[in-house]
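Chain order of the listed sequences is H and D.
Going by numbering that gives the first Met the number 0, the first residue of the first sequence is number 0, and it counts up by one from there.
Going by numbering that gives the first Met the number 0, the first residue of the second sequence is number 0, and it counts up by one from there.
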Amino acid sequence: MDLSLIVQAVVSGVLSSGLYALVSVGLALAIGVIGIVNFAHGEFFMVGAFLTYTLFVAFGIDPVVAVLFVAPALFLLGAVLYRTTIQHVLEAPELNQMLLTFGIGIVLQNLALLIWGGDPVSIAGIAYRSVGFKILGVSVGLVQLVSFAVSLALVGGLYFALSRSRLGRAMRAVAQNRVGASLVGLEVNRVYLVAFALSALLAGIGGVMIAVIQSPTPTIGLAFTLKAFSIVVLAGLGNIRGILAASLVVALSESLVATLVPNGGTLSNAVFFAIIFLALIWRSRRTA
Amino acid sequence: MRLWRDLLPVAAFAALLWFLPDLLRAGAGRASVSYLSLVTNAVGLAVLALSWDVLARTGQLSLAHAAFYGTGAYVTTLVARHLDLPLWVGIPAGGAVAALLAVGLGVVTLRLRGIYFAIATLAFTEVLRAFFRQLPTSFAGGAAGMNVAPLFRPAFDPATMERWEIAFLRNEGYYLLYAGLLVLTIGISLWTRRSRLRQAFTAIRTNEEVAGVMGVRPARMKVLAFALSSVSVGMLGAIHAHRVGSVVPEGAFSVATTVFALVTPIFGGLYTTLGPILGAGLLAGIEETLKRNLADGYLIGYGLVLVLSILFMPRGIVGTVRGVARRRRAAAAAAARASEGGAR
Numbered sequence: 000m001d002l003s004l005i006v007q008a009v010v011s012g013v014l015s016s017g018l019y020a021l022v023s024v025g026l027a028l029a030i031g032v033i034g035i036v037n038f039a040h041g042e043f044f045m046v047g048a049f050l051t052y053t054l055f056v057a058f059g060i061d062p063v064v065a066v067l068f069v070a071p072a073l074f075l076l077g078a079v080l081y082r083t084t085i086q087h088v089l090e091a092p093e094l095n096q097m098l099l100t101f102g103i104g105i106v107l108q109n110l111a112l113l114i115w116g117g118d119p120v121s122i123a124g125i126a127y128r129s130v131g132f133k134i135l136g137v138s139v140g141l142v143q144l145v146s147f148a149v150s151l152a153l154v155g156g157l158y159f160a161l162s163r164s165r166l167g168r169a170m171r172a173v174a175q176n177r178v179g180a181s182l183v184g185l186e187v188n189r190v191y192l193v194a195f196a197l198s199a200l201l202a203g204i205g206g207v208m209i210a211v212i213q214s215p216t217p218t219i220g221l222a223f224t225l226k227a228f229s230i231v232v233l234a235g236l237g238n239i240r241g242i243l244a245a246s247l248v249v250a251l252s253e254s255l256v257a258t259l260v261p262n263g264g265t266l267s268n269a270v271f272f273a274i275i276f277l278a279l280i281w282r283s284r285r286t287a
Numbered sequence: 000m001r002l003w004r005d006l007l008p009v010a011a012f013a014a015l016l017w018f019l020p021d022l023l024r025a026g027a028g029r030a031s032v033s034y035l036s037l038v039t040n041a042v043g044l045a046v047l048a049l050s051w052d053v054l055a056r057t058g059q060l061s062l063a064h065a066a067f068y069g070t071g072a073y074v075t076t077l078v079a080r081h082l083d084l085p086l087w088v089g090i091p092a093g094g095a096v097a098a099l100l101a102v103g104l105g106v107v108t109l110r111l112r113g114i115y116f117a118i119a120t121l122a123f124t125e126v127l128r129a130f131f132r133q134l135p136t137s138f139a140g141g142a143a144g145m146n147v148a149p150l151f152r153p154a155f156d157p158a159t160m161e162r163w164e165i166a167f168l169r170n171e172g173y174y175l176l177y178a179g180l181l182v183l184t185i186g187i188s189l190w191t192r193r194s195r196l197r198q199a200f201t202a203i204r205t206n207e208e209v210a211g212v213m214g215v216r217p218a219r220m221k222v223l224a225f226a227l228s229s230v231s232v233g234m235l236g237a238i239h240a241h242r243v244g245s246v247v248p249e250g251a252f253s254v255a256t257t258v259f260a261l262v263t264p265i266f267g268g269l270y271t272t273l274g275p276i277l278g279a280g281l282l283a284g285i286e287e288t289l290k291r292n293l294a295d296g297y298l299i300g301y302g303l304v305l306v307l308s309i310l311f312m313p314r315g316i317v318g319t320v321r322g323v324a325r326r327r328r329a330a331a332a333a334a335a336r337a338s339e340g341g342a343r
């Protein structure tokens with residue numbers, strides 16, 4: 000096996016881990032703060048990607064600028080969904096909560112299929128899309144590099160905000176003890192709303208990046224929900240700090256399988272799901 | 000006494016299913032071909048929904064129904080392709096392999112609950128799909144899938160039949176198989192509702208530790224529920240493969256199958272026998288209407304029904320109606336007591 004091929008796989012794995020971390024940290028926020036496992040999380044990501052595509056195709060808005068529209072739009076979508084649906088099942092059995100978010104995911108995905116059709120869409124004709132460097136024989140795409148840096152910055156910013164800002168401290172308080180938080184005067188419902196909307200926003204920004212990096216279809220959401228979920232589980236449910244390391248593990252294993260295993264491109268998803276499945280079972284055996 | 004209360008409605012329903020093709024044929028003539036296939040879809044949906052509900056009664060949200068359905072479809076196709084056996088053998092074989100797989104999945108996922116169980120079953124389905132796709136193309140068709148021979152080849156007799164009656168007879172064969180499967184699934188469902196399994200399943204759903212303390216064996220019960228739930232789905236997938244004439248990995252293990260299986264009972268009424276059947280009848284009609292108008296996104300109807308059911312009718316149609324009836328009776332009894340007290 001050619002060594003440079005492995006190095007290349009490692010580099011591209013590391014670069015895509017940023018995006019995974021960005022999407023997963025949103026899911027972890029929803030789970031950790033609200034206690035809702037959001038099956039529709041990957042659909043926020045998908046909606047972000049397709050909004051970016053439409054802004055580009057219909058108005059010629061560059062994805063770099065489109066973030067300024069997509070991020071607030073997803074925040075709003077998250078807030079509206081929280082107010083109209085999630086808020087009403089907070090006390091319901093976990094089964095109902097999961098089914099509700101699953102239903103929201105189905106609606107969003109099929110709405111996208113109705114609007115954009117089932118074929119992959121591509122933002123062709125942006126000059127920087129194909130720019131890349133070659134460092135010591137390893138090629139690095141500009142877009143991948145920038146999205147990695149931006150993702151890390153956003154995840155880092157979220158850590159900082161959670162530990163320092165007033166809202167972040169409120170979120171952690173609510174996550175730890177809902178009743179206690181409301182007793183000391185926090186408006187729990189508002190904190191939940193912001194946390195959920197923020198989680199949609201983070202996924203949406205990830206969507207902007209994927210719209211430039213790949214050619215997405217409206218059905219990418221579910222796979223990303225699963226990937227984000229497995230990263231969150233790997234990091235420890237509700238533990239936001241472990242997300243970066245877990246994303247690295249997942250992204251690396253994915254890119255190594257795609258490179259090293261023959262026919263690995265089509266197989267990498269299956270390998271990924273096999274890893275999730277085995278990890279869940281292994282974890283349940285160990286803890287019990 | 001108790002038994003008769005169940006047997007009579009089931010027998011009446013089975014009779015209705017049995018005579019329905021003749022009624023349709025007499026009433027609608029040529030158009031009955033498409034009516035019959037719509038009814039067949041509804042019956043298939045009912046099998047899917049009711050069998051999913053049996054597993055849900057132990058409190059597990061399974062997203063693996065498509066796995067059992069696809070396994071049944073693949074097993075019957077492989078049997079027809081590689082073994083020199085009558086075609087129908089593939090159908091019980093599909094059910095049996097699906098049940099074995101379910102037992103295996105049930106055993107390894109025993110300790111997973113809630114979201115972990117849901118995700119594990121969904122990942123399992125994806126892995127199984129990839130497994131069948133990666134099998135050698137000469138053996139299982141690869142990504143392009145395989146053709147399957149039809150189960151029924153009615154002969155055309157120009158003297159006594161019109162052209163459309165060929166299609167009708169073919170549809171009728173599949174319809175009757177589906178209907179038989181539905182009656183079997185109703186039997187399974189009623190058994191778990193009327194025997195001591197009901198208390199066992201409910202106890203596990205409510206609190207597994209307490210159920211264990213009370214003498215229920217949660218592990219055994221959950222695996223049993225898995226097997227009961229998957230056997231009819233496996234056979235359904237097998238019959239469906241013959242009905243449509245082909246099997247492909249994407250279609251056989253489609254997430255849509257799982258969505259159908261869980262939305263229908265929630266809409267109709269979870270943990271009941273009537274609810275999933277009622278829900279299937281209504282949803283099959285809605286689906287047909289949506290499919291005619293929306294090509295790619297018709298599943299949106301299922302998503303909306305799911306969201307609205309959870310928000311406004313979490314106990315489904317049957318649960319809501321029963322709740323209203325119970326409240327009425329309670330109110331009437333209270334009123335009667337009050338008037339008695341006033342007279343005294």
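Built from N, CA and C at the ideal position, the CB exists for glycine as well.
Minimum Cα-Cα distance from H:V120 among the listed residues H:A57, H:A70, H:V22 and H:Y52 corresponds to H:Y52.
Cβ atoms of D:A142 and D:R132 come within 8 Å of each other, at about 5 Å. Note that the C-beta distance between D:L35 and D:F116 is not below 8 Å.
Residues of chain H whose Cβ lies closer than 7 Å to the Cβ of D:I309 are, in chain order, V88, N95, L98, L99 and G102. The DSSP-derived three-state label of D:F200 is helix. Between D:I203 and D:G58, the C-beta spacing is below 8 Å. In the three-state scheme derived from DSSP, where H, G and I count as helix and E and B as strand, H:V22 is classed as helix.
Around the beta-carbon of D:F138, fewer than 16 other beta-carbon atoms lie within 10 Å, marking it exposed. Per DSSP, D:V182 lies in no beta strand (DSSP E); the unbroken alpha helix (DSSP H) holding it starts and ends at R162 to R193. A Cβ-Cβ contact shorter than 8 Å links D:L180 with D:S231. Just measuring C-alpha positions, the residue of D:V53, D:V32 and D:A10 sitting nearest D:F200 is D:V53.
Its chain contains V78 as the residues whose beta carbon lies nearer than 7 Å to that of D:L84, once the 5 sequence neighbours on both sides are disregarded; these appear in chain order. Here H:R177 has V187 as same chain residues with Cβ atoms under 7 Å from its own Cβ, once five neighbours each way along the sequence are excluded.
The shortest CA-to-CA distance from D:V215 to any of D:G284, D:A226, D:R197 and D:A48 is the one to D:R197. The alpha carbon of H:V211 has as its nearest neighbour, out of H:K226, H:L99, H:L266 and H:A126, the alpha carbon of H:A126. Of all residues in the region 59-93 of chain D, those with a C-beta nearer than 7 Å to a C-beta of chain H are L60, reading in chain order. Contact check for H:S3 against H:S246 fails: the beta carbons are separated by 8 Å or more. Contact between the region 224-240 of chain H and the region 123-143 of chain H is absent, with fewer than three C-beta pairs closer than 8 Å.
Rounded to the nearest angstrom, the gap between the Cα atoms of D:R314 and D:L82 is 46 Å. Considering only beta carbons, the part of the region 291-323 of chain D lying closer than 7 Å to chain H consists of L293, D295, G296, L298, I299, Y301, G302, L303, L305, V306, I309, L310 and P313, in chain order.
In the three-state reduction of the DSSP assignment, H:G140 falls in the strand class, which pools E and B. Taking all protein chains shown into account, H:W115 has 16 or more neighbouring C-beta atoms within 10 Å of its C-beta and is therefore buried. In this chain, the beta strand (DSSP E) harbouring H:G131 covers G131 to I134. The region 17-29 of chain H makes contact with the region 151-167 of chain H, as at least three CB pairs between them are under 8 Å.
Note on D:R29: under 16 other CB atoms within 10 angstroms of its CB, so exposed under the neighbour-count rule. Residues of the same chain with a CB within less than 6 Å of the CB of D:G268, apart from the 5 flanking positions on each side, are G274, G315, I316, V317 and G318 in chain order. Less than 8 Å divides the Cβ of D:I238 from the Cβ of D:L176. Between H:V32 and H:A234, the gap from beta carbon to beta carbon reaches 8 Å or more. H:S121 sits in coil when the DSSP states are folded into three classes, being neither helix nor strand.
DSSP places D:M312 in the coil class of the three-state scheme, outside both helix and strand. Note that the C-beta distance between H:L200 and H:L73 is below 8 Å. Interface criterion met: the Cβ of H:V36 is under 8 Å from a Cβ in chain D. Under DSSP, D:M145 shares a beta bridge with D:V246. Looking at H:V260, H:A278 and H:I219, the one whose alpha-carbon comes closest to that of H:V248 is H:A278. Assigned with DSSP and collapsed to three states, H:S150 falls in helix. A straight line joining the alpha-carbon of D:I299 with that of D:F130 spans about 29 Å.
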